[in-house]
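In terms of the working numbering, the sequence shown has 25 at position 23, counting the first letter as 1, and numbering is strictly consecutive.
Step one of this worksheet: look at the structure below.
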Amino acid sequence: MTSNAPTISTGIRPATRYFGSWPSVANASIRSSDALFRWGGEEFAVLASSTGYRGAGRLAETIRGRVAQHSFPGVGRITASLGVA
């Protein structure tokens, strides 16, 4: 999962301010058996075991929707781009 919009519009340093709350929004969408972790500077990954391609797509859409509805401190609403592999 990546979200480049904050970096493009605010720069990497200001963008990292709200990454602290981003995982809590995503974690609310995953099961206790799934794992969310930071993959790189602005990238996160979810390992969703025993989830087929369609289920992973639904999970990605759920996370995307929750992120879009959340108001992050200092920046407001953001968008996220998610992929399934």
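The beta-carbon is built from N, C-alpha and C at its ideal position, and this holds for glycine as well.
No experiment lies behind these values; they were computed from the predicted model shown.
When you compare only the Cα positions, how much space is there between Ala50 and Ser26? Separation of Ala50 and Ser26 (C-alpha to C-alpha, rounded to the nearest whole angstrom) is 16 Å.
Any 3 or more C-beta pairs closer than 8 Å across the segment 52 to 60 and the segment 69 to 78: no
Suppose you measure from the CA of Ile65 to the CA of Gly43; what does that come to, to the nearest Å? Those two C-alpha atoms are separated by around 19 Å.
Ser83, DSSP secondary structure in three states: strand
Looking only at its chain, what residues have a beta carbon closer than 6 Å to the beta carbon of Ala28, apart from the 5 residues adjacent to it on each side? Leu38, Ile65
Work out the CA separation of Ala30 and Ser83 for me, nearest whole Å. 18 Å
What residue ranges within the segment 16 to 83 form continuous alpha helix (DSSP H) runs of no fewer than 4 residues, ordered along the chain? You should have 24 to 29, 55 to 71.
Using a 10 Å radius around the Cβ and a threshold of 16 neighbouring Cβ atoms, would you call Trp41 buried or exposed? Exposed, since its Cβ has fewer than 16 Cβ neighbours within 10 Å.
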